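Residue numbers (the working numbering): 2 to 936.
All residues carry an ideal CB built from backbone N, CA and C; glycine is no exception.
Every value quoted in this text rests on a predicted model; they were computed, and no experiment measured them.
As structure tokens, the structure follows; a few thoughts come after it.
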Amino acid sequence: MGQKRTTRRAIRALRRIRGYAVVAALAVAAPLVVPGTAVAAGPPTAAQQWDTLKAKLTGIKGVWTDQSYAGAVSNTMPNTALLGNADVGVTSAGSTGVKTFLVSKGDFWNANPTPRPAPIGGVTLTGTAAQPTGNLALGARATASSTEGSFTPDRAVNGQWTNGYEGWVSQVGKPQWITLDLGAVKSVARYVVRNDNAARPGNAAFNTKNVAFQTSSDGTTWNSVDTVTNNTADVIDRTVTAVSTRYVRLNITEPTQSTTPDSTQNPRARIGQIELYAQGGGTTPPPAPPFREEQNIVDGTVTTSMSLGNTPVSMKTWLAADRNVLVTSVTSTGTQPVQLQASTYAGATTPNSAYSNSAGVDGQVMWAERATASGSRWVSRGALATTVLGASAVQPPTVSGATARTVFTLPAGATVRLVTQVTGGGQNPAAPHNDAVTQVRTHTTASLATLDTQRADWWKTYWMQSGVELGDAVLEKYYYAAQYFIGAASRAGKMAPALYGIWTTTDNPQFNGDYHLNYNAQGPFYGVYSSNRPELSLPFHETILAYVPEAQRRAKQDLNRVKPDYISRRFPSGGVPAGVLFPVGIGPYGTTTDDQYHQQVSNSLFSASQFVAYYEYTQDTDFLRNKAYPFLSQVASFFESYLERDSAGRYSLWSGPHEGTWGQNSSADLGLLKQTLSTLIAASQKLNVDAGRRATWQTILDNLPAQPTTVYNGKTVYSLVSPGTMQGSDTRDIHPGDNTINLEFIQPADQLGINSDPAKLRTGVDTVDAMNSWGQDNSFPKIFAQAARVGYPAQSLIDRFKQVITSRIAPNLRIADPSHGIEKSGATEAVNSMLIQSDQGIISLFPVWPAGKNASFWQLRQKGAFVVSSAKQADRVGYVDVQAKAGGTLKLKNPWGSGTFTVTNTSGAAVPFTTANGVISVQTTAGQTYHILPA
């Protein structure tokens, strides 16, 4: 018996609501097919499922074999090992013989004058200055002739030097000097000065030119041991006749190269780091055991093998799942005890002088606290409190500047734990270091073992929510690493991850490190819904809703700034009566960062797409009623006024598809508006509200133009705007090689899919080819999914995908480019869309997967809240398992063509079904699992 097709798939989805609970528990569903086995005919046990997945994830890791920590300090997303629990972000850093973990917090945002996230500080572990062949300058008391802002002299001897670091910076003028008190007489035979360009390429003009290395027995009378003139090198590394001294001074007579106007007119001394060694010769300290660090996505740990104080150690660092506790266990693998120094500090490698940093001690606990700039908005404060468990001969901590330190002994073969509690963040917390100190004291070896187990269990639960088996190591490395980053950065109840996730390592992140709303802030969540992790998107929704009052004001009062000549003609008051208008960049708590529109009105529409997706994939009625529907209604209110309507009743829309452009019927705007209106019409029926507005929405929807097309190289392709209407410096209808904005009506707007008109799909494929934007930085989270949605040739799509992954993958497995960050996780949707798609209410299995290539997946979520598992081997689907989270009618494109099959429920009882036009239809019950097998 046939099934009548409803053209409004959103209405059909809404009618089958049975409620939804956020995914938390594991369901026993079909897992990966183990390579080399026969095609699976049903699900193995959860234990077997985990064994297979754990083995795969264990092999996917970031690996480093040197201590350069390149990209640790970055104004984008770091490239070193990362840990996160969606509140605290931890970035691995350091230098040779120095291990540092930089600590940031998702809700630690500066607000004055412009909102932006900031780091709190870090925790460092190193050998002590007493080690005879180590760096004698580490932790020395440093003073200087002058200091610029927060760039104090102690920064030149703290061991935190790494890529992007700025140490001591003097005020303008010359000469300048920096003096070190080593605390006792030491023998020095070599000194190293790391200049500005060593850590910050592009600043060679600020390298020290002329400097004298001087020593003193009393800190008053100085003897010049070595003089360097006309230096241009990034690093000054000099061996001298061994001298016994307590005090060392660099007397800098020419602090810059005087090769640029700035370095000539504003000469400042800039010393990144000073190192002193007892032995001369060579360019590095004495040989140490091989260094190796691994970022383990399977369980959210960083493991490190290195030398501290000339003693080999192994370390395991992890972050508790929900307690904001950072733990580094350090085990000596040497044969002698070693004296180590642990320090906790507040600040950043490129500090904002308006922020304040402090440190202190409370008994054996070290603490550091950082506060953002004061002003008319909130002040945030973040704190770290650190203690050492299991060590011997722990010395009383001391404080220097914004750093607290202690020295302890690690016996041969023993293990100590460096435990750091992170507190604060948010708006106006009072002295969070007090809470940090109190909390860190509660931890014991036993309590940490419990937290460690809970951390591993959290990641196991996370990974068991879904998985894929692609038989392709490159795709799987990207896929699972991307899932790791979004899982580490976003969880319900926390602040939404901004452009660079929760890993902020500088006070000056690009684009203010904000929420860019013309796709970037939404992009990280493109794949979470089909990956059966929809709850990860909830923080994003809260961020958008917090801005609604300001967006309402802007719609009424600030619209004229979008494009004054157009708006003033249509809306003399400068705004519309109702609705929301978002700028491109916002911050938390309803704040604005990038107060520009770039002639675009689509920021609300991009945000609306994620409200729609969450509802469609979960069927959560409460979310629909309380969050999605009110927001979508506000979006629609704006466009009810903003749209133009001609005498024939046809609507049109003027806006900018690309930033700064202007044209009629922007493809992305049209598609996203259609998605919003379709969902609203269905939702108003489901919720039995706004019957009057429903008719208005339907009229608009029925009279919006089709997605614009043009002809390019003899083929019909989807254009950016209605042909010939583009204004500005580039009036082409499409921009090949650029951001695939003309395809965003396909994804994330879902207006064209695998079951659509074949002619329109052909146009989609031709447009993907014409754009040829596979490697374009903005396109990564969407072009591959857009191609999959239109049925792009599967092997060609995979090849293109892998080419970009291989060329762009960073050591920590993120996809890197000069400007973008966590949004790259959104391309997991492309993998899922190759394996399964739901379009027009019909689920299709392996719709864009190469013939002859095996694959399987388990628990991928589809619209209607159906969670699906399946496997394909030798071009034959072995089974389909479907969990009906909300009940309703399941429609599945028959994967066996005309072959026979059976449908049973969890208890094994036969379930009635119908078939029509190659589609299997099953009336499901919420909470039931259905097994569909070939006969």
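Q.
Do Ser642 and Val303 have their beta-carbon atoms positioned less than 8 Å apart in this structure?
A. Taking the sequence shown and counting its residues from 1, the one referred to as residue 303 is at position 302. Taking the sequence shown and counting its residues from 1, the one referred to as residue 642 is at position 641. Not closer than 8 Å, so no.
Q) Which word fits Leu688, buried or exposed, when buried means at least 16 other C-beta atoms lie within 10 angstroms of its C-beta? A) Numbered from its first residue, the sequence shown carries residue 688 at position 687. With fewer than 16 other Cβ atoms within 10 Å, it is exposed.
Q | Minimum length 3: unbroken beta strand (DSSP E) runs contained in the segment 141–210 | A | 142–145 and 177–196
Q) For the putative contact between His932 and Asp882, defined by C-beta atoms under 8 Å, what is the C-beta separation to the nearest angstrom? A) Sequence index remark: in the sequence shown, residue 932 carries index 931 (1-based). Sequence index remark: in the sequence shown, residue 882 carries index 881 (1-based). Right, the Cβ-Cβ distance comes to about 6 Å (below 8 Å), so this counts as a contact.
Q: Please classify Asp882: does DSSP put it in a helix, a strand, or coil?
A: Reading the sequence shown from its first residue, position 881 is the one you call residue 882. Three-state result, Asp882: strand.
Q: Output yes or no for whether 8 Å exceeds the beta carbon distance between Val314 and Ser330.
A: Position 313 of the sequence shown holds residue 314. Position 329 of the sequence shown holds residue 330. Against a cut-off of 8 Å, the Cβ pair of Ser330 and Val314 comes out as no contact.
Q) Per DSSP, Asn252 forms a beta bridge with which residues? A) As a first step, residue 252 must be located in the sequence shown, where it is residue number 251. Its beta-bridge partners are Trp178 and Ala213.
Q. Using a Cβ-Cβ cut-off of 6 Å (strictly less than) and excluding sequence neighbours within five positions of Gln455, which residues of its own chain qualify?
A. The residue labelled residue 455 in the question sits at position 454 within the sequence shown. Within the same chain, Gln455 has close Cβ partners Ala322.
Q) With Thr66 and Ala73 assumed to form a contact (beta carbons below 8 Å), what rounded beta-carbon distance in angstroms separates them? A) Along the sequence shown, read from residue 1 onward, the residue named residue 66 stands at position 65. Along the sequence shown, read from residue 1 onward, the residue named residue 73 stands at position 72. That belief does not hold up - the Cβ atoms of Thr66 and Ala73 are roughly 16 Å apart, past 8 Å.
Q) Looking at C-alpha atoms only, which residue of Thr907, Thr903 and Val920 is the closest neighbour of Thr890? A) Taking the first residue of the sequence shown as position 1, residue 890 is located at position 889. Comparing Cα positions, the closest option is Val920.
Q: Please state whether DSSP places Arg571 in a helix, a strand or coil.
A: Position 570 of the sequence shown, counted from the start, is the residue given in the question as residue 571. In this structure, Arg571 counts as helix in the three-state DSSP scheme.
Q | Entirely enclosed alpha helix (DSSP H) segments - the segment 487–570, minimum 4 residues | A | 539–558
Q) Which one of Gly184, Thr163 and Tyr192 has the shortest CA to CA distance from Asn198? A) The count along the sequence shown starts at 1 and reaches residue 198 at position 197. Taking only the C-alpha atoms, the option nearest Asn198 is Thr163.
Q. Which word fits Ser96, buried or exposed, when buried means at least 16 other C-beta atoms lie within 10 angstroms of its C-beta?
A. For the purposes of this step, residue 96 is identified with residue 95 of the sequence shown, where counting begins at 1. Classification for Ser96: buried.
(Q) On the criterion of 16 or more Cβ atoms from any shown chain inside 10 Å, does Glu745 qualify as buried, or is it exposed? (A) In the sequence shown, the residue the question calls residue 745 occupies position 744. So Glu745 ends up on the buried side.
Q.
Let's test the definition: count the other Cβ atoms within 10 Å of the Cβ of Val34 and tell me whether it reaches 16, buried, or not, exposed.
A. Mapped onto the sequence shown, residue 34 falls at position 33. Low per-residue confidence applies at Val34: pLDDT is 44, beneath 50, and the placement is therefore not dependable, though the value from the model is reported in the following sentence. That one is buried.
Q: Specify the secondary structure class of Lys55 as computed by DSSP and reduced to three states.
A: Taking the sequence shown and counting its residues from 1, the one referred to as residue 55 is at position 54. DSSP places Lys55 in helix when its eight states are reduced to three.
Q) Which value, in whole angstroms, describes the spacing of the CA atoms of Asp937 and Gln708? A) There is simply no residue 937 to check, as the chain begins at 2 and stops at 936 in what is shown.
Q) With respect to the beta strand (DSSP E) encompassing Gly90, which residues constitute its N-terminal and C-terminal limits? A) The sequence position of residue 90 within the sequence shown is 89, counting from 1. Counting along the chain, the beta strand (DSSP E) containing Gly90 begins and ends at Val89 to Ser96.
Q: Indicate whether Thr506 and Pro120 have their beta-carbon atoms separated by less than 8 Å.
A: Counting from 1 along the sequence shown, the entry for residue 506 is found at position 505. Counting from 1 along the sequence shown, the entry for residue 120 is found at position 119. Contact flag set, yes.
(Q) Is Leu251 close to the ligand GTP? I mean its beta-carbon at under 7 Å from any heavy atom of the ligand. (A) Ligands are entirely absent from the displayed structure, and the ligand GTP is therefore not among its contents.
Q) Skipping 5 residues on each side, what residues in its chain have a beta carbon closer than 7 Å to that of Val438? A) As a working mapping, residue 438 is identified with position 437 in the sequence shown. So the list reads Asp363, Val366, Trp368 and Ala386, once near-sequence residues are dropped.
Q) Based on the DSSP output, what are the partners of Gly361 in its beta bridges? A) The residue given as residue 361 occupies position 360 in the sequence shown. Its beta-bridge partners are Trp368.
Q: Quick one: using the 10 Å Cβ neighbour count with 16 as the cut-off for buried, is Ala185 buried or exposed?
A: Here the question's residue 185 lines up with position 184 in the sequence shown. Exposed: under 16 other Cβ atoms inside 10 Å.
Q) How long is the line joining the alpha carbons of Gly715 and Ala910, rounded to whole angstroms? A) Translated into positions along the sequence shown, residue 715 becomes position 714. Translated into positions along the sequence shown, residue 910 becomes position 909. Whole-angstrom Cα-Cα distance: 56 Å.
Q.
Would you say Asn918 lies against chain B (beta-carbon separation less than 8 Å)?
A. Annotation note: the requested chain B is absent from the structure, which comprises a single protein chain.
Q: Report buried or exposed for Ser845, applying the criterion of at least 16 other Cβ atoms within 10 angstroms of its Cβ.
A: One-based indexing of the sequence shown puts residue 845 at position 844. Answer is buried; the Cβ neighbour count reaches 16.
Q. Quick one: is Ser531 buried, meaning 16 or more other Cβ sit within 10 Å of its Cβ, or exposed?
A. The residue labelled residue 531 in the question sits at position 530 within the sequence shown. Buried.
Q. Rounded to a whole number of angstroms, what is the C-alpha to C-alpha distance between Thr230 and Asn211?
A. Taking the sequence shown and counting its residues from 1, the one referred to as residue 230 is at position 229. Taking the sequence shown and counting its residues from 1, the one referred to as residue 211 is at position 210. Rounded to whole angstroms, Thr230 to Asn211 spans 4 Å at the Cα level.
Q: Thinking Phe914 and Ala885 are a contact (beta carbons under 8 Å), I'd like their distance in whole angstroms, please.
A: Position 913 of the sequence shown, counted from the first residue, corresponds to residue 914. Position 884 of the sequence shown, counted from the first residue, corresponds to residue 885. Rounded, the Cβ-Cβ distance is 13 Å, inconsistent with contact.
Q: Quick one: grab the DSSP three-state call for Pro935.
A: Sequence index remark: in the sequence shown, residue 935 carries index 934 (1-based). Three-state DSSP puts Pro935 in a strand.
Q.
Check whether the segment 828–843 and the segment 767–776 are in contact - that is, three or more C-beta pairs closer than 8 Å.
A. no
Q: Taking Ile747 and Arg790 to be in contact with their CB atoms under 8 Å, please state how far apart those CB atoms are, rounded to whole angstroms.
A: The residue you call residue 747 lines up with position 746 of the sequence shown. The residue you call residue 790 lines up with position 789 of the sequence shown. Between Arg790 and Ile747 the Cβ distance is about 5 Å, and since that is below 8 Å, they are a contact.
**Q.** Among Ala71, Thr240 and Trp319, nearest to Gln280 - alpha-carbon criterion
**A.** For the purposes of this step, residue 280 is taken as the residue at position 279 of the sequence shown. Taking only the C-alpha atoms, the option nearest Gln280 is Thr240.
Q | C-alpha distance - Gln686 paired with Leu625, whole-angstrom precision | A | Within the sequence shown, numbered from 1, the residue matching residue 686 stands at position 685. Within the sequence shown, numbered from 1, the residue matching residue 625 stands at position 624. Their backbone Cα atoms lie some 12 Å apart in a straight line.
Q) Just the Cα atoms here: how many angstroms apart are Pro118 and Phe512? A) If you number the sequence shown from 1, residue 118 lands on position 117. If you number the sequence shown from 1, residue 512 lands on position 511. Taking the straight line joining both Cα atoms gives about 11 Å.
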